[in-house]
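Trainee: Please see the structure below; I have some questions.
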Amino acid sequence: MNALDTEKPTPATGSYAPDMNWTRDVPATQRLDCIAAADEVFTQAERKLAQVEKTGLDRGEIRVAAFLPRLPDTVVDRGCRRYASYMGKKFRQHGLDFRVEEAQSADALELLLMGAQVHDRIYGTFVFFPTPFGKTEDYFLRRVRPERDIEGLTVENTGRMLLNIKTVDEEEKYEGVAPCTAKAILTLLHQHEEIKNLFPRGAQQKGPTAVIFNSSPRIGIPLQSMLMRIGATALMVHPQTRAEDKQTYLKTADIVVTAFPAQSESDLVRDVKRGAVVIDCSTEGNLHPEVAERAAYLSTHDNHLGQITTALALYNTALCALWQRGMKG
0 MNALDTEKPT PATGSYAPDM NWTRDVPATQ RLDCIAAADE VFTQAERKLA QVEKTGLDRG
60 EIRVAAFLPR LPDTVVDRGC RRYASYMGKK FRQHGLDFRV EEAQSADALE LLLMGAQVHD
120 RIYGTFVFFP TPFGKTEDYF LRRVRPERDI EGLTVENTGR MLLNIKTVDE EEKYEGVAPC
180 TAKAILTLLH QHEEIKNLFP RGAQQKGPTA VIFNSSPRIG IPLQSMLMRI GATALMVHPQ
240 TRAEDKQTYL KTADIVVTAF PAQSESDLVR DVKRGAVVID CSTEGNLHPE VAERAAYLST
300 HDNHLGQITT ALALYNTALC ALWQRGMKG
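Under numbering that gives the first Met the number 0, the first residue of the sequence shown is numbered 0, with each subsequent residue one higher.
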C-alpha cells in the first residue's frame, strides 16, 4: 500500500471515516494530473523493458512474485487487494509474468520471500504491506536481495538513493531502484512546470519549504531526503510531534504531503498556506474541505497516485532485470 504510516490502522468497523465527497468538485485546473504523470512513466518503463530484451531476455520470461499478507476485513486489506489487482493487470499488459501469493503468517511470508530470492525465473519481488504478524516491514525486507527489490525499500537501494545528491533536473534522470511511493510524489511535482520552478536551479536561489505528515520508511523518510537533495527544506511530522508545531509547519509550507490514517476530525489537515501544493496519499483521505479553498494545486486521496506508483514499480522491475542480467555476465 502507498498510504500508510508506521502506526497500525484500525479496522474499518467503528473507525473514523471522514466525508471526502467534496473531492469530486475539485476543478481540473487545480487538481494535479496523476494519470498523465503515470502514462509518462509507463512509457519510460516500456523503453527500459526494450533495453532488457536487447540483452536476450524476453519480457515474458520476467516473473514478478508479489505477496499479499492475509489481513482481517479492513479498509487496508481491501485497498491492498484492489492495488494488487490493478498492479497485476498493468504488469501483464506490458507482457510480464506477475503472480500474487497470499501469506497466512509471518513464517509463511518469510519462507515465500526467501524462496523468491533464489528462484532463477523471478526477477522482482513486491510485498503489499503492512504485515499484521507482529513483525516490522524491515524484518521482511532484510530477506529481499537488492537486485530483486522492485519497491526500492531495502537498505542497499534506499542508501544508494539517499547518497546520490542531485539537482531538480538531474533527479528525473536518476537510474536507481528508488522507493516507489516517495518517487511517485516527486514525479507528480515534476509534472508541473510551475511547481518545478519552486526548486532552485542554482546555488544562489532559495528552495521551498515542505512538510510531510508521515514518518515511515516507505514514504516519509525517503521523500524527505528526495526533497532536501533538490533544494527543499523538508520537515517530517510524526506521532510525537507537538500539535502547535504541526500548525506552524502547515502555515508556512509551500508543499504539504499527508499520508496517515485520521482518527478524528481534529486530525484532518486544514490550515495550509494559501497557494500551497497539497498531496494526500492516505487511504481514506485526511484533508479538510477548506484545503481546497487555499491550495494552488491539489491531489486528493482518490486522485490515482497509485497509478504512478505502479508505473515506477514496472520501471524498477526493468532496472532489476538489467541488474541481474549484468550479474550473470
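We treat Cβ as the ideally placed atom computed from N, Cα and C, and that holds for glycine. Owing to the predicted nature of the structure, the values given are computational and were not obtained by experimental measurement.
Would you kindly work out how many angstroms separate the C-alpha atoms of His-237 and Phe-132, rounded to a whole number?
Mentor: Spanning the two alpha carbons is a distance of roughly 23 Å.
Trainee: To the nearest angstrom, how far is the alpha carbon of Ala-312 from that of Tyr-85?
Mentor: One C-alpha to the other measures close to 12 Å.
Trainee: The beta strand (DSSP E) spanning Tyr-138 covers which residue range?
Mentor: Tyr-138 -> not in any beta strand (DSSP E); alpha helix (DSSP H) instead, spanning 136-140.
Trainee: When the Cα atoms are used, what is the spatial distance from Glu-264 to Asn-20?
Mentor: C-alpha separation (whole angstroms): 15 Å.
Trainee: Quick check on the DSSP output: the beta strand (DSSP E) that includes Val-99 runs from which residue to which?
Mentor: Here the beta strand (DSSP E) through Val-99 covers 96-102.
Trainee: Do the stretch 298-309 and the stretch 33-48 touch if we need at least three Cβ pairs shorter than 8 Å?
Mentor: A contact exists between the stretch 298-309 and the stretch 33-48.
Trainee: Starting from the Cα of Phe-128, find the closest Cα among His-93, Ala-115, Leu-286 and Ala-105 and give me that residue.
Mentor: The option with the nearest alpha carbon to Phe-128 is Ala-105.
Trainee: On the DSSP bridge list, what partners appear for Gly-123?
Mentor: Looking at the DSSP assignment, Gly-123 forms a beta bridge with Val-63.
Trainee: Look up Ser-281 in the DSSP assignment and say whether it is helix, strand or coil.
Mentor: Coil.
Trainee: Which two residues bound the contiguous alpha helix (DSSP H) that contains Val-143?
Mentor: Segment: none, Val-143 is in no alpha helix (DSSP H) and carries neither H nor E.
Trainee: Beta carbon of Thr-247, beta carbon of Lys-89: below 8 Å?
Mentor: Against a cut-off of 8 Å, the Cβ pair of Lys-89 and Thr-247 comes out as no contact.
Trainee: Check the DSSP bridge columns for Ser-214 and list the partner residues they point to.
Mentor: In the DSSP output, where bridge partners are listed per residue, Ser-214 has none listed.
Trainee: Rank Thr-28, Thr-282, Ile-61 and Ala-44 by C-alpha distance to the C-alpha of Gln-323 and give the top, closest one.
Mentor: Answer by Cα proximity: Ile-61.
Trainee: Would you mind giving the Cβ-Cβ distance between Asn-156 and Pro-145, rounded to the nearest angstrom? I have them listed as a contact below 8 Å.
Mentor: Sure, about 5 Å apart at Cβ, within 8 Å.
Trainee: Across the stretch 248-262 and the stretch 282-291, are there enough close Cβ pairs to call them in contact, namely three or more that are closer than 8 Å?
Mentor: At 8 Å Cβ cutoff, the stretches touch.
Trainee: What would DSSP say about Val-51, mapped onto helix, strand or coil?
Mentor: Three-state result, Val-51: helix.
Trainee: Distance check for Leu-234 and Ser-224, CA to CA, integer angstroms please.
Mentor: Going by the C-alpha atoms only, they are around 10 Å apart.
Trainee: Report yes or no: do the stretch 90-100 and the stretch 43-63 share at least 3 C-beta pairs separated by less than 8 Å?
Mentor: A contact exists between the stretch 90-100 and the stretch 43-63.
Trainee: DSSP state of Leu-297, grouped into three classes?
Mentor: Note: Leu-297 maps to strand in three-state DSSP.
Trainee: Between the C-alpha atoms of Gln-203 and Arg-69, what's the straight-line distance to the nearest angstrom?
Mentor: Computed Cα separation, rounded: 52 Å.
Trainee: Does the Cβ of Lys-250 have 16 or more other Cβ atoms within 10 Å, making it buried, or fewer, making it exposed?
Mentor: By the neighbour-count rule (16 or more Cβ atoms within 10 Å), Lys-250 is not buried but exposed.
Trainee: Pro-216 and Glu-136: beta carbons closer than 8 Å?
Mentor: Cβ atoms of Pro-216 and Glu-136: closer than 8 Å.
Trainee: Over what stretch of residues does the alpha helix (DSSP H) that includes Ala-261 continue unbroken?
Mentor: Careful: Ala-261 lies outside any alpha helix (DSSP H) and carries neither H nor E.
Trainee: Determine the burial state of Leu-3: buried for a count of at least 16 other Cβ atoms within 10 Å of its Cβ, exposed for fewer.
Mentor: Low local confidence applies: a pLDDT of 37 at Leu-3 is under 50, so the model's placement there is unreliable, with the coordinate-based value given in what follows. Buried, since its Cβ has 16 or more Cβ neighbours within 10 Å.
Trainee: I think Gly-206 touches Ala-231, with their Cβ atoms under 8 Å apart; what is that distance to the nearest whole Å?
Mentor: That pair is a contact at about 5 Å.
Trainee: Rounded C-beta distance between Val-276 and Ala-261? I'm assuming under 8 Å.
Mentor: So it is not a contact: roughly 20 Å between Cβ atoms.
Trainee: Do you know how far the Cα of Glu-193 is from the Cα of Thr-186?
Mentor: Those two C-alpha atoms are separated by around 14 Å.
Trainee: Determine the closest residue to Phe-125 out of Asp-119, His-118, Gln-103 and Val-99, with distance taken between C-alpha atoms.
Mentor: Closest by alpha carbon: Val-99.
Trainee: In this structure, what does DSSP give as the bridge partners for Arg-30?
Mentor: In DSSP, Arg-30 forms a bridge with Leu-297.
Trainee: Taking just the CA atoms, how far does Ala-181 sit from Asp-32?
Mentor: Spanning the two alpha carbons is a distance of roughly 16 Å.
Trainee: May I ask you to report which of helix, strand or coil DSSP gives Arg-324?
Mentor: Of the three classes helix, strand and coil, the one that applies to Arg-324 here is helix, per DSSP.
Trainee: Do you know whose CA, among Asn-315, Val-268 and Thr-282, lies nearest Arg-293's CA?
Mentor: Looking at the Cα atoms, Val-268 is the closest of the given residues.
Trainee: How about Ala-320 and Tyr-122: are their beta carbons less than 8 Å apart?
Mentor: The answer is yes: Cβ separation under 8 Å.
Trainee: How is Val-236 classed by DSSP in three states: helix, strand or coil?
Mentor: Three-state DSSP puts Val-236 in a strand.
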